[in-house]
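Residue numbers (this note's numbering), protein chains in the order written: chain A, 7 to 377; chain B, 7 to 377; chain C, 7 to 377; chain D, 7 to 377.
We put the beta carbon where it would ideally sit given N, CA and C, even for glycine.
Read the structure below first, then the notes.
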């Protein structure tokens, strides 16, 4: 484990280890994958402005998310079918989050069930990512089970009337391996996802089952069946952020779905400021995912207003490399990089990471021009 | 056909299949080919801003162009000598457009005649692309034949007093293959294009025959001989757009001629907003071509004000790969990518694709700087 | 000759033909060669905005420079020691300019004398590039001989108190080949340039002989010894342009000396607008050199206010490839590319190439953002 | 030595010569090394605006720093453990600075002691770089010894509560070679730095010994024990610059610690103008380091307000190549490049290098757009 020093190291190792069907599924973005690249590149346009001599003997990474303490502002984003990466899949991932004191988000389309995850990692702060199915009874059942199993929030994905075009999955005719199942469902809904046409089996599944008629009013329905706070995931516009909150959301997760839905949407770090600004008069939290691979990425997102940052692919790479230990390694890399960043940037606690701590490169160009 | 998932796939296959003379003719841009590259790259500077939870159960791609229904906002741009790509050339291309319910534009310099195309694809919405020859009788004859054959518009190319410098054609001493002819002409005008000097045979042809003295007043002459609406193709300036409309044009096709006329002109997606703005007080439609290879490119052009988008080279790639079926595959790729884009962007019908749906990357940089 | 279609073709051929000492001397820029690259790249940031249907039957490239007719707005810039490229060196170069009806500028540091060039190309419009030597009698002698030999202007280089650092020349210990001499001088001044230390022989020569104490007042001295108009070459700042004119210059040649003097200075096309603006209330012409390799580069410089464009390296590449015929080929490439550009851009004569014909890419980005 | 013409030449030679442990330590930046690259690239965005004909016969590079004459505005920045590069390490480096008439800065973490350096290079202007240790007696002892040994300033590093993450050092488990010691310390503090865990031995050392509780008030303590002026090194924000001066600093050294502390901080040349502006009403000097490899880099930093520029890695490359002679070669390359720059830019003395001599590229784009 010692040889993995960066998230990039874990990614490279995982890419080499995973079978093609799973590897391509995890790493692909939509169509030309321009936004996939931009999700990372956009961070480079932000500069950190460190403060000196502030006294950093007592630094710490703790923060509070939806009223719950977490040990660091990096949690696990929902990703589907984690047993393709490792036999223990979601269980290992959740246990790693538990061991590290952070949040684990379980996907609707998981290869371990709500109850299995709750049993495996009873103390972790668990959130449940929800897709709303045409069959509302199916959907209600998922929510009630999550609530019963101790999940603390519903992360409602709002950017997915259908899954985006991921060309590698089409080429591979993506199929869930024979020995796995969608563990949150019974009968035909848990049927192994496999391609019956010339495309991806997953897209066929989603196309036939997800509710494409959803509107903001449906959050009201969701609130009518659960007391859990609703985190609205997939927002990329300020007007949608306001709609999400006014419809009853408790928090916004700024996300472009790992650049997997629609190529050409902005890298998430570019839209974060607009969203934070839009909801500043509401008492809600804003979270972030997309392209985060280093501690300084996390720092930049926090400086622009994110309360919590989630990572999806990095957890899959850790999982593929070494199960729970691999995910913990990944989280520890973020923890270490953040600890260094907090000390060197002169922001010993998370609340010290104010807007003033980052500046867009174009602002620097203007300063050089003017002075 | 199943292995072609993107327009890029078709392009790569076509490039491998075509003989050098045709391949180079189709793919070249003017001189250094900077604008050729920019036509594609400029799309990347535009971000799509998807809306969530708008209810997209009933999405569709239909739109109306010059009063005619089309099944999708992607039509076939005029390109010369299509039988170099496939024995059925223009006929296959027109049949594909017919099968897909969209527009086919026949080039003046076609290797199938107006009447052959009309016979092959009687139900397609056909437009006729016109070059005005020094010999006005020749020109009038083309227009009258097109009108008689059921073509619905004249697409008057206004950017071509002569053909641009395409170095590969000069190197190849471009010659129309022996077995082909310019089918819209008799006698010497249909003579096989071949090089008599050190340059491209096509440039010699155009130089000797096209009317370089054309001015905006000549649109009046064109209107005097036909009732068909005139689409003015090749506009890159707002003042020219106004002139085109005031001279009697019914619509503007923003185009830099596939970057084949003059290197260094702007990528077309950059000039589209200026043209749309310039003619907004006229009751005219604006169309677009240039560098379009994905559904998100089409979406961006529509968001910036294009009523219809045309593709030239993609049809040639499809044609080269598999005749009518190849062109249909190409159109189906666009259709699929657009269907996904409409749903995920939250714009279930074409009219929902408003300006607000895209933003230039530099606007995002400013937002990050300010907030 | 037929196989050379672009200036780039000639450059590649020349690079392959020339011996290292000459090749490196001709192609090098100062130190890291950043400005050398930027001289070309900066042109790409400018977009040409072609006008349609203006009637271009009667286009022509003729213009007037310092009252003299020239057949095209592309002339030959001064470059040193042209016999390193071809045995006929400056003579072949001047004859090519003569045959093409444009301007030839002879360098002070030529391998053919003022009188030899005048005899070889009696009808060409000849200008004499002047370095002012510590020995004013030597300098005066050069000016008087040029005037007597029918040269029509003195091109005073003002950016060269010493030659820039060109690392390849240092590595090569640049030496003028044994059989050549600096033909404008007698005795020790014509002594073959060779390295006596660890550096370039040319730098040693220049360091010891050029007058580093020169100020704008010295133009008055130059005017006192000749009636020829003085073209001030090497200006990169608006304040210097004004100084040059007020000191008695008749024209400004915006130049960064082929990026050979100081790395990090702006590409010349970037500074041209500032210079043109600065001298607009004076009755003077502004010329341009730097990175020009295509007809569209020439067009852009004219649109930004240049009355004439000069090319240095392209003439050397032509010379190396085939003497006078090679230089003529180079000029013919520019002529052809300009003829196409004028017609397609809708500017049938040089005076039609107004500022409005080009726009910086950043202006387009702003337009896309706003509309 | 003759074959080294640029700093880049020395770097390449040194990289080839050094053992991996030392080479990686010297060349690494923090984590992803984005800022490491930007430190160089950012210089390219600045254009030099040379003045012509100002008379440069009497140019010179002399300047005054903290009241001391130096022969050129390029001094030696502190770098740790120089004997890893050459057996004579700091001694050779200091002797080179002495021979060249510039400043040598000795690191706290040196492999030669304060007294050894003072004995080896008695006449050089020596500054002592200070890290403040938890043990204030240790720290006081260093300062008093430096003052006694004739050092002229304390360069207090304020950006290092701990050392940044340099991945290569972790991979190498960086260890000070057996035969070397931290010569400024006795006992356990001079113990050979070696890795006891999975990380870098140096980071362990720094983490355990440096005072992380430091605040601006501690400068007062430092002033209470020494009369030497305090140069505050590591400032990247205007507010910190003011704090540093108001806390008692005599000068600011703008530095991002060679991009080794925190990746994503701005390249230093971007922040220099902000710092200079912030302290303009105080009577203090501003110095600069970061990414400087050419004479034009030095020129740009001076134009933006730096009184003196320091180079760290270039001295290590020279040292590795040839000890004192190599460092002198490096300084001579800077001297030569600066001499050329001063003459060609038309700024014969350092004080002539005003703000007006540089302009950001984006300002040029605006000028091209407007005029």
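Could you say which of the options lies nearest to residue i if we only look at CA atoms?
i: residue 306 of chain D; options: D:158, D:321, D:348, D:327; result: D:348
i: residue 213 of chain D; options: D:281, D:185, D:219, D:167; result: D:167
i: residue 249 of chain B; options: C:59, C:235, C:93, C:68; result: C:59
i: residue 381 of chain B; options: B:340, B:206, B:225; result: A query on residue 381 of chain B cannot be resolved here, the shown segment of chain B reaching from 7 to 377 and no further.
i: residue 183 of chain B; options: B:373, B:370, B:26; result: B:26
i: residue 277 of chain A; options: A:202, A:173, A:244; result: A:244
i: residue 350 of chain D; options: D:302, D:101, D:39, D:199; result: D:302
i: residue 169 of chain B; options: B:209, B:139, B:256, B:131; result: B:209
i: residue 268 of chain B; options: B:238, B:234, B:171; result: B:171
i: residue 315 of chain C; options: C:145, C:219, C:259; result: C:259
i: residue 281 of chain B; options: B:238, B:254, B:297; result: B:238
i: residue 70 of chain B; options: B:322, B:312, B:363, B:323; result: B:312
i: residue 373 of chain D; options: C:51, C:137, C:320; result: C:51
i: residue 257 of chain C; options: C:179, C:284, C:272, C:273; result: C:284
i: residue 331 of chain D; options: D:81, D:38, D:100, D:109; result: D:100
i: residue 33 of chain A; options: A:140, A:176, A:322; result: A:322
i: residue 49 of chain D; options: D:371, D:219, D:18, D:364; result: D:364
Within 10 angstroms of its Cβ, does residue i collect 16 or more other Cβ (buried), or is it exposed?
i: residue 74 of chain D; result: exposed
i: residue 379 of chain D; result: The requested residue 379 of chain D is not part of the displayed model; chain D covers only 7 to 377.
i: residue 194 of chain A; result: exposed
i: residue 246 of chain B; result: buried
i: residue 47 of chain D; result: exposed
i: residue 92 of chain A; result: buried
i: residue 22 of chain A; result: exposed
i: residue 203 of chain C; result: exposed
i: residue 185 of chain D; result: exposed
i: residue 226 of chain C; result: exposed
i: residue 165 of chain D; result: buried
i: residue 128 of chain A; result: exposed
i: residue 63 of chain A; result: exposed
i: residue 178 of chain D; result: buried
Where do the ends of the alpha helix (DSSP H) carrying residue i lie?
i: residue 336 of chain D; result: 319–351
i: residue 19 of chain C; result: 13–23
i: residue 176 of chain C; result: 173–177
i: residue 146 of chain C; result: 142–154
Beta strand (DSSP E) containing residue i: first to last residue?
i: residue 305 of chain A; result: Run containing residue 305 of chain A: none in the beta strand (DSSP E); it sits in the alpha helix (DSSP H), 301–309.
i: residue 159 of chain A; result: 159–163
i: residue 291 of chain A; result: 291–295
i: residue 364 of chain C; result: 364–366
Note to self: Could you tell me which whole beta strand (DSSP E) segments of length 3 or greater appear in the stretch 218–277 of chain C?
What the structure shows: 236–241, 257–260
Next item on the list: Pick out the complete alpha helix (DSSP H) segments inside the stretch 61–137 of chain B, 4 residues or longer, and give them in chain order.
Entry: 95–106, 120–126
Check: Would you say the stretch 181–201 of chain B touches the stretch 285–292 of chain B, given that touching needs at least three Cβ pairs under 8 Å?
Finding: no
Notebook entry, point to check: If you pair each beta-carbon of the stretch 220–235 of chain D with each one of the stretch 41–57 of chain A, do three or more pairs fall below 8 Å?
Noted result: no
Item checked: Segment contact, 8 Å Cβ cut-off, at least three pairs: the stretch 105–118 of chain A with the stretch 352–359 of chain A -> Contact between the stretch 105–118 of chain A and the stretch 352–359 of chain A is absent: fewer than three C-beta pairs spanning the two stretches fall below 8 Å.
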